[in-house]
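Enquirer: The sequence shown begins at 1 in the numbering used here and counts up one residue at a time.
A virtual CB, placed ideally from N, CA and C, is assigned to each residue, including glycine.
In this text the structure is predicted, and so the values were computed from the model without any measurement.
I'd like to ask you about the structure that follows.
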Amino acid sequence: MTVHHMYIADYAAGVNTQLKDFQATHGRGRGTSGEYKQIVERVADLRSALEMAIATDEQHASGFWNELKAMGRHGFNYWTEKSRFDGEVDALVSAAENLMTYIEDIVNDYAVPKLDIPDELFDASGQWADVAEQTDGVRQAVPPLQHVDGWSGPAYSRYQQMADVQIEATREYGVMPKSLADLYRSAGELNQGVLSVVYEQVVLAVGESSRCYAPPSGQYYVNTAAVSVALQTCASQLPDLLNAGEESAEAMRAGIDDLKAKTDAIRAGWPHGAASSQPPASDGSASEQPSHPAEPVPEAPDEGVSGDGLER
């Protein structure tokens, strides 16, 4: 393998390593079923579960305070205690709302735009695999043409030199499509895995948030508190998961940019050689400028939530 197609093969191997590391840490998920494409609906379910928990807790607490007000218990400062309780409720609900908004924003900004990317990458991989199969046939057909029985002399020597160029060119080019097919396939599997595990985190949060708790005596807003814990757990997982997908995108961009440079080098060397060991000098065009790395996914807010609810 020459220096040129070693590069793209190395990038493909690097993305494949990222894929294996991700699967070892997070599992394979349910990516092949395409369930992750329903993540917007599941996030809406999570929002509904939060609103239901708040409404349920509000109704329960309202009954308690209405009874106290009606009883007019001697020595009980109703309005002071009610104001203090309402402040604690506002803090709890605000924390839950902040976490819910964070999850919605992160999913909409970093997951939803990528829902079709795995399919696009798999499609590109299949196309390059077809090209690799075709070029492999050409690669095998060219070497026998280097020798022509009964031909000799300067013209034959020149012909053999040109045949050597063709043989080297088909050898170099033949490996690149296969490496590209591997690169796109591994990137597709990694992106599919990332989206699938993100989806599963949201589904898990929906399941935890949809439970209805019967609060112990003297405890209030336990449902909202429980949902807050589920939201905090989900939100804390999303940045690392989605950043894994961004890392694969960076590796792919670097690989494609590098391949473009090597292809330009091959083109510049034709027909005096199949390739050059160095890429051509930059002309300063925009396509040759290094791309800026993607901004990392922002961390989840730490709302310090507790599943204990409020006591009275």
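#1: Is there contact here, the stretch 161 to 178 with the stretch 92 to 110, by at least three beta-carbon pairs under 8 Å?
#2: Does the stretch 156 to 165 come within contact of the stretch 220 to 234, defined as at least 3 CB pairs closer than 8 Å?
#3: Go ahead and pull the three-state DSSP assignment for TYR213.
#4: Spell out a yes or no on whether the stretch 187 to 199 and the stretch 121 to 139 are touching, meaning 3 or more CB-CB pairs, one atom from each, closer than 8 Å.
#5: By Cβ distance, which residues of its chain are closer than 6 Å to SER236, with the 5 residues on each side in sequence left out?
#6: Pull up the distance between the alpha-carbon of TYR11 and that of LEU183, whole angstroms please.
#7: If you draw a straight line from the alpha carbon of GLN140 to that of HIS26, how long is it in whole angstroms?
#8: Ordered along the chain, which non-local residues of its own chain (more than five positions away) have a Cβ less than 6 Å from that of LEU238?
#9: Which same chain residues end up closer than 6 Å to LYS37 when comparing Cβ atoms and leaving out the 5 residues on each side of it in sequence?
#10: Using only CA atoms, which one of ALA132, VAL148, PRO154 and SER196 lies nearest to LEU180?
#11: Could you give the C-beta distance for ARG42 and VAL206, rounded to a whole number, given that I count them as a contact under 8 Å?
#12: What residue does the alpha helix (DSSP H) around GLY153 start on, and which one ends it?
#13: Could you tell me if VAL15 is buried or exposed, where buried requires 16 or more neighbouring beta carbons within 10 angstroms of its beta carbon?
#14: How far does the alpha helix (DSSP H) with PRO118 in it reach, from first residue to last?
#15: What does the Cβ neighbour count give for SER291, buried or exposed, with the cut at 16 atoms within 10 Å?
#16: With VAL203 and ASN243 assumed to form a contact (beta carbons below 8 Å), what rounded beta-carbon distance in angstroms separates them?
#17: So is HIS209 buried or exposed if we call it buried at 16+ other beta carbons inside 10 Å?
#18: Please classify ALA281 as buried or exposed, where buried requires at least 16 neighbouring CB atoms within 10 angstroms.
Expert: Checking against the coordinates, here is how it stands:
#1: No, the stretch 161 to 178 is not in contact with the stretch 92 to 110.
#2: Between the stretch 156 to 165 and the stretch 220 to 234, the count of C-beta pairs closer than 8 Å stays below three; the two stretches do not touch.
#3: Numbered from 1 along the sequence shown, position 213 holds the residue referred to as residue 213. The answer is coil: DSSP assigns TYR213 none of H, G, I, E or B.
#4: Per the Cβ contact rule, the stretch 187 to 199 is in contact with the stretch 121 to 139 (3 or more Cβ pairs under 8 Å).
#5: Stepping through the sequence shown from its first residue, residue 236 is reached at position 236. Close CB contacts of SER236 within its chain, under the 6 Å cut and outside five residues either way in sequence, are with ALA300 (chain order).
#6: Numbered from its first residue, the sequence shown carries residue 11 at position 11. Numbered from its first residue, the sequence shown carries residue 183 at position 183. Rounded to the nearest whole angstrom, the CA to CA distance from TYR11 to LEU183 is 7 Å.
#7: Numbered from 1 along the sequence shown, position 140 holds the residue referred to as residue 140. Numbered from 1 along the sequence shown, position 26 holds the residue referred to as residue 26. Rounded to whole angstroms, GLN140 to HIS26 spans 42 Å at the Cα level.
#8: Locating residue 238 in the sequence shown gives position 238, counting from the first residue. Sequence-distant Cβ neighbours of LEU238 in its own chain, meaning closer than 6 Å and more than five residues away, are ILE106.
#9: For the purposes of this step, residue 37 is taken as residue 37 along the sequence shown, with counting starting at 1. Same-chain partners within the cutoff: LEU115.
#10: By 1-based counting over the sequence shown, the position of residue 180 is 180. When each option's Cα is compared against that of LEU180, the closest is ALA132.
#11: Translated into the one-based positions of the sequence shown, residue 42 becomes position 42. Translated into the one-based positions of the sequence shown, residue 206 becomes position 206. Sure, about 6 Å apart at Cβ, within 8 Å.
#12: Indexing the sequence shown from 1 puts residue 153 at position 153. Taken as a continuous stretch (DSSP letters only), GLY153 belongs to no alpha helix (DSSP H), as it is neither H nor E.
#13: On the sequence shown, position 15 is the one that residue 15 refers to. By the neighbour-count rule (16 or more Cβ atoms within 10 Å), VAL15 is buried.
#14: Within the sequence shown, residue 118 is the residue found at index 118, counting from 1. Its alpha helix (DSSP H) spans residues 117 to 141.
#15: Position 291 of the sequence shown, counted from the start, is the residue given in the question as residue 291. Caution applies to SER291, whose pLDDT of 39 falls short of 50 and renders its modelled position unreliable; the model cannot decide the point.
#16: Taking the first residue of the sequence shown as 1, we reach residue 203 at position 203. Taking the first residue of the sequence shown as 1, we reach residue 243 at position 243. Their Cβ separation, rounded to whole angstroms, is 21 Å, which puts VAL203 and ASN243 out of contact at 8 Å.
#17: Here residue 209 corresponds to residue number 209 of the sequence shown, with the count starting at 1. The sequence shown places Ser at residue 209, rather than the His named in the question. Classification of SER209: buried, given that the 10 Å Cβ count is 16 or more.
#18: Numbered from 1 along the sequence shown, position 281 holds the residue referred to as residue 281. Below a pLDDT of 50, predicted positions are generally treated as unreliable, and ALA281, at 39, falls in that range; the measurement from the model is reported next regardless. Its Cβ having fewer than 16 others within 10 Å, ALA281 is exposed.
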